[in-house]
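Peer 1: Respectively, the protein sequence lines represent chains A and B. Quick note: the first sequence uses the working numbering, first residue 409, plus one each step. Quick note: the second sequence uses the working numbering, first residue 409, plus one each step. Note that the Cβ used here is the ideal one computed from N, Cα and C, for glycine as well. Source: prediction; values computed, not measured.
There are 2 protein chains.
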Amino acid sequence: MEKRPGGRSARVRDAVRQATLVELAEHGYHGLTVDNVATRSGVHKTTVYRRWTNAEGLIADALELARDEPWPVPDTGCVQEDLREIVRLVLRGFTDPVEGPIASAFVAAAVQSSGAARALHDFFVARLDQASAVVRRAVERGELPAPTDVGDVVRMAVAPVYYRLFITREPVTERDAERAADAAVAAARAGAV
Amino acid sequence: MEKRPGGRSARVRDAVRQATLVELAEHGYHGLTVDNVATRSGVHKTTVYRRWTNAEGLIADALELARDEPWPVPDTGCVQEDLREIVRLVLRGFTDPVEGPIASAFVAAAVQSSGAARALHDFFVARLDQASAVVRRAVERGELPAPTDVGDVVRMAVAPVYYRLFITREPVTERDAERAADAAVAAARAGAV
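(1) Between residue 499 of chain B and chain A, is there a C-beta pair that is closer than 8 angstroms?
(2) Chain E partners of residue 528 of chain B, CB-CB under 7 angstroms?
(3) State the CB to CB distance for the pair residue 571 of chain B and residue 437 of chain A, rounded to an integer number of angstroms; the pair is presumed to be in contact (CB under 8 angstroms).
(4) Is the shortest distance between the beta-carbon of residue 587 of chain B and the beta-carbons of chain A less than 8 angstroms?
(5) Can you list, in chain order, the residues of its chain with a C-beta nearer than 6 angstroms to that of residue 428 of chain A? Leave out the 5 residues immediately preceding and following it.
(6) Please look up how many angstroms separate the CB atoms of residue 561 of chain A and residue 543 of chain A, rounded, as I've assumed it's under 8 angstroms.
(7) Which of the three DSSP states is assigned to residue 476 of chain B in this structure?
(8) Give me, in chain order, the residues of the same chain whose beta-carbon lies closer than 6 angstroms to that of residue 410 of chain B; leave out the 5 immediate sequence neighbours on both sides.
(9) Under 8 angstroms, do residue 575 of chain A and residue 531 of chain B count as touching if we go by C-beta distance?
(10) Grouping DSSP H, G and I as helix and E and B as strand, with all else coil, what is residue 506 of chain B?
(11) Below 8 angstroms between beta carbons: does that hold for residue 565 of chain B and residue 481 of chain B?
(12) Which chain A residues are close to residue 568 of chain B, counting only those with a beta carbon under 7 angstroms from its beta carbon?
(13) Quick check on DSSP: helix, strand or coil for residue 438 of chain A?
(14) What residues from chain A crowd round residue 532 of chain B, counting only those whose CB sits closer than 7 angstroms?
(15) Could you tell me the distance, in whole angstroms, from the CA atom of residue 459 of chain B to the CA atom of residue 513 of chain B?
(16) Mapping the DSSP letters down to three states, classify residue 577 of chain B as helix, strand or coil.
(17) Ignore the nearest five residues each way along the sequence and tell me which others in residue 517 of chain A's own chain have a CB closer than 6 angstroms to its CB.
(18) Using a Cβ-Cβ distance cut-off of 8 angstroms, determine whether residue 504 of chain A contacts chain B.
(19) Does the CB of residue 546 of chain A have a neighbour CB from chain B at under 8 angstroms?
(20) Just verifying my parser: in three-state terms, what is the DSSP assignment at residue 596 of chain B?
(21) Helix, strand or coil, according to DSSP, for residue 450 of chain B in the structure here?
(22) Does DSSP classify residue 552 of chain B as helix, strand or coil?
(23) Closer than 7 angstroms by beta-carbon distance: list the chain A residues that pair up with residue 538 of chain B, in chain order.
(24) Output the distance between the C-alpha atoms of residue 501 of chain B and residue 456 of chain A, rounded to the nearest integer angstrom.
(25) In angstroms with no decimal places, state the Cα-to-Cα distance between residue 599 of chain B and residue 589 of chain A.
(26) Once you ignore the five residues that flank residue 400 of chain B on each side, which residues in its own chain have a CB closer than 8 angstroms to its CB?
(27) Have a look at residue 479 of chain B and residue 452 of chain A and give me their C-alpha separation to the nearest angstrom.
(28) List, in chain order, every chain B residue whose beta-carbon is nearer than 7 angstroms to that of residue 620 of chain A.
(29) Using a beta-carbon distance below 8 angstroms, is residue 519 of chain A in contact with chain B?
(30) Please go through the same chain and pick out, in chain order, the residues whose beta-carbon is closer than 8 angstroms to the beta-carbon of residue 475 of chain B, but skip the five residues on each side of it.
(31) Given that a residue counts as buried once 16 or more other Cβ atoms are within 10 Å of its Cβ, and exposed if not, what is residue 464 of chain B?
(32) What did DSSP end up calling residue 568 of chain B once you bin it into helix, strand or coil?
(33) Among residues of its own chain, excluding the 5 on either side of residue 432 of chain A, which ones have a beta-carbon nearer than 7 angstroms to its beta-carbon?
(34) What is the DSSP secondary structure of residue 469 of chain B, counted as helix, strand or coil?
(35) According to DSSP, is residue 484 of chain A helix, strand or coil?
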């Protein structure tokens, strides 16, 4: 959609995205409307309708932008430390008072909208690939056996945090997050992943 | 609420519950209304309003009944086989053409309603406790080290299935389910859970 990165089109897109995130944080997926995003962003309503169509389009675009943002993949030289940090980052992303409600709103949107579900899938595939680097490096330096399914080690490490947050709705501490990372590493060391 | 188990009150409750499940399967949480459940169950609308109040109340009661139903906790004498069977049961519960949409609707309801979230929490706490028996028995017969956090072994085994289904929205095979169970057992054997 952008003609010139950083140009007017990019500024409009960013304004709409910021407004989408604030609306999501305040009203959740069901309160997300093109009209409200247009008002909050100061972008003309017809422009928002033309480029983003509806709430699904707004969500998908916000996730696409989030997917391409750099995030701090750790590289401590120890896969257990790296994975602990990744799982802590995941947990903080959902418990942070500002970011948390937005991240939770994306998950909620995916439950209610197939378009949002596809966008969330693409987002997580990209994130899993980036996070897998810490496991790939561990295999390369002989810390974990080859072959190891590097994506599954990351899934095993982060899944219990999502499970507690969105399925069983149990509290999650940083210690729970670290224990999940440790267990994933132990399973990988045993050649079970 | 029941005055006599198996009496009129229990029959009404069961009819309302069955109607709730069918409505959930057909229309999802957002299509679940007291009016539709009353019509489908043949129970008078004022009765449904008085006893269940709203969609949240209908969901909570259906989950309470589901929580108390027996389910086949395996006991093969081998914790890896037991856990594999549990994770396969979880997966089938969501992929079954009849049961799957209902189970998914409960998860979706919890994302959108705090009352449904509390009911789902209570349901899962009960299920985790029942499933933990397979790990407790393994510790007792010396197959897994003591101390092992028996609940966390079950969480680790099932979490990747929920993660793929509801977060990353990736396909899940029975092999994926079994690998998650195997990894949880390997981590427990290594004393990491």
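Peer 2: Let me lay it out:
(1) no
(2) Absent from the structure is chain E; the protein chains it does hold are A and B.
(3) At roughly 20 angstroms, the Cβ-Cβ gap does not stay under 8 angstroms, so residue 571 of chain B and residue 437 of chain A are not in contact.
(4) yes
(5) 445, 466, 470
(6) 5 angstroms
(7) coil
(8) Low confidence applies to residue 410 of chain B: its pLDDT is 46, below 50, so where it sits in the model is not reliable, and the reading given next is rough at best. Excluding residues within five positions, the ones whose Cβ falls inside 6 angstroms are 417, 418.
(9) no
(10) coil
(11) no
(12) 563, 564, 567
(13) helix
(14) 575, 576
(15) 22 angstroms
(16) coil
(17) 437, 467, 524
(18) no
(19) no
(20) helix
(21) coil
(22) coil
(23) In chain order: nothing, as chain A lies at least about 13 angstroms away.
(24) 40 angstroms
(25) 13 angstroms
(26) It is not possible to answer for residue 400 of chain B, since the shown part of chain B is limited to 409 through 601.
(27) 56 angstroms
(28) An answer regarding residue 620 of chain A cannot be provided, because it is not within the stretch 409 to 601 covered by chain A.
(29) yes
(30) 530, 531, 534, 535
(31) buried
(32) helix
(33) 440, 510, 513
(34) helix
(35) coil
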